[in-house]
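Each residue of the sequence shown is one higher than the one before, counting from 1 in the UniProt record's numbering. In this text, a Cβ means the ideal position worked out from N, Cα and C, and glycines have one as well. What follows is a single structure, written as C-alpha cells, with notes after it.
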Amino acid sequence: MVAPVAVLGGGLAGASAALRLAQAGIGVDLFERQAGPHHKVCGEFLSVEAQRDLHDLGFDPLRLGAVPIERIRVVRGTKSVESRLPFTALGISREVLDQALLDAAARAGAHVHRGVKVVAMDAGGIDTGAGRFCPETVFLATGKHDLRGAKRPEPGARGDEIGFKMHWRITAEQDAELGSAIELVLLDGGYVGLQRVAARVMNVCALVRREGFGGSWNGLLTAIAREPHVARRLDGASEMLRRPTSIAALPYGYVHRPGDDRESLYRLGDQAALTAPLTGDGMAIALRSAALAVACHRSGRGPLDYTRILRREVGGQVRRAMALHRLVGLPVLPLTLGLLRLHPSLLGRLAAATRLGRLDGARRIDRPGPPGAEAAFSDR
Ligand SMILES: Cc1cc2nc3c(=O)[nH]c(=O)nc-3n(C[C@H](O)[C@H](O)[C@H](O)COP(=O)(O)OP(=O)(O)OC[C@H]3O[C@@H](n4cnc5c(N)ncnc54)[C@H](O)[C@@H]3O)c2cc1C
C-alpha cells in the first residue's frame, strides 16, 4: 500500500514535512538513504527563526542538549572583535536534531523507510532500491543533492568552496573560554566557525576555497592550526567523528522559480533555496519551507503557489546572505575588520539584518484572516 504523499530525504525539511503531514492525518512515506542517525555539514547554529518553527512542532531544542549562543566573535590572525547577538541562538548537533524530528514523524504515523536511496523520479513515480512507488504528490527534500529526473533547473554557478565539519571533545577550560560565543575565524579564501553544540563538544565547520590547502581535511587542519586562535581551541582537544563530513561545489544563492517543475512536486529546504551558510539560516529555511508546503498542500493551493510564496519569503534573506558571503571573500577584509573593531555593535546589526523575514505564509494559510487580508497576501 503506497501513501498518497512521498517525502524524499529525511533532513530537517523532509522530516518536519512528514511530521506535519502525519499530524494532519495525511498518509506519508518518507525515504532516507542513511540507515541511522548521521551528521551533516553544518555550523549547527540554530537561529531564532528555526527555534520558533521547532517550538511550533512541539520541540524544545534545550531538552535535546542544545546550548545558548549569545555572542559573536570575529577573529583574524591575532586580532578580534566581539559583540552581543541581538537574539539568543542555540548550538545543537544535527545528528541529534534531525533524528529527533524523524522519530517524531514516525510516532505521528509517517512510514519512515531508512537506508532507502531514491535513485530517480519521473512523471509516473519514484524509483528506489526497494522498488517503484507511485504517490500522488512528492515532497523533494534531498538537500544539496540533485535527484535524477528532478534536477534543479539552471542552478547557476557552483561555488569553488568546500565545507567541512568535525566535532571535537574539548577540555573544561576550552569549554569555558568558548562559552556562549560563535567564533568566526577569517582566513584567506574562507572562514572557520567554532561553537559549542553540547557541554564540552565543539563544532568546527569550515567553508574554504580549495586552493591553499589542497582540498583535503588534513590539508585544512594543517592550514588552520597555523592560526593562533584555532590552535588554542584545538590544543588538547580530540576529534569525535571517525571522519569529517564534507560537501563541495554548491550553487549558493539558488532560489527555485515557480513553473520550473511538474505540478505535483514540492521542492523543500536546500532544494528550494540555498542560502550562504555564513548567516546560519539554512535550517530556518528548511523548516519554514516544509511548513509552507504542507499548508499549501492541505489548502489545495499546490506547488506553484507554494513556490511563489516561498520565493517571496526567503528571497531577501538569500540576497543579503550572499552579499555578506561575497564581502568575506574580498581582499578588503583587513579594512572590514578594522571598521568592526571601531564599531563592534555593527556585528550585531549585521546579524539582525541577515535574518529570515517575518513573512510567514504557512501561518496565514493555516489561520486565514478577513477576506481582504487574503487578497493582500496573494502573490500572483
Ligand atoms: C558549510 C555549511 C555550514 C552551514 N551552517 C549552518 C548553520 O550554522 N545554521 C543553519 O541554519 N544552516 C547552516 N547550513 C545550511 C543547512 O545545513 C542546510 O540548509 C540544511 O541542512 C538544509 O536542510 P535540508 O533538509 O534541505 O537538507 P539536508 O539536511 O541536507 O537533508 C537532506 C537529506 O536527504 C537525504 N538524501 C539525499 N539524497 C537522497 C536520496 N537520493 N534518497 C533518499 N534520501 C536522500 C540525505 O541523506 C539527508 O538526510 C550550513 C551549510 C553548509 C554547507
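Asked: Contacting residues, own chain, Cβ-Cβ under 8 Å from E263 (five flanking each side not counted); Found: G302, P303 and L304
Asked: Any non-hydrogen atom of ligand 1 closer than 8 Å to M202 Cβ; Found: no
Asked: Close beta carbons around S378, own chain, < 7 Å, minus the five adjacent residues each side; Found: Only weak support is given to the placement of S378: the predicted model assigns it a pLDDT of 43, under 50, and the value that follows is read from those uncertain coordinates. Taken in chain order, the list of residues that qualify is empty.
Asked: Nearest-angstrom Cα separation, counted from L335 out to R114; Found: 49 Å
Asked: Exposure label - E32; buried when at least 16 CB within 10 Å; Found: buried
Asked: Minimum C-alpha distance to E313 - residue among V255, V5 and I69; Found: V255
Asked: A24 burial status per 10 Å Cβ neighbour count (16 or more: buried); Found: exposed
Asked: Three-state class that DSSP yields for H39 in the structure shown; Found: coil
Asked: Delimiting residues of the alpha helix (DSSP H) encompassing A176; Found: A172 to L178
Asked: Length at least 3, wholly inside the stretch 258-290: the beta strand (DSSP E) runs in chain order; Found: 265-267
Asked: Where E374 falls: helix, strand or coil (DSSP); Found: Only weak support is given to the placement of E374: the predicted model assigns it a pLDDT of 45, under 50, and the value that follows is read from those uncertain coordinates. E374: helix per DSSP, three-state reduction.
Asked: Residue interval of the beta strand (DSSP E) (run including S246); Found: T245 to A248
Asked: As assigned by DSSP and simplified to three states, the class of V2; Found: coil
Asked: Identified DSSP bridge partners for M166; Found: V204
Asked: Burial state of D260, where buried means 16 or more other Cβ atoms lie within 10 Å; Found: exposed
Asked: Assigned exposure category for N218 - 16 Cβ within 10 Å defines buried; Found: exposed
Asked: Residue environment, A323, which counts as buried when at least 16 other CB atoms sit within 10 Å; Found: exposed
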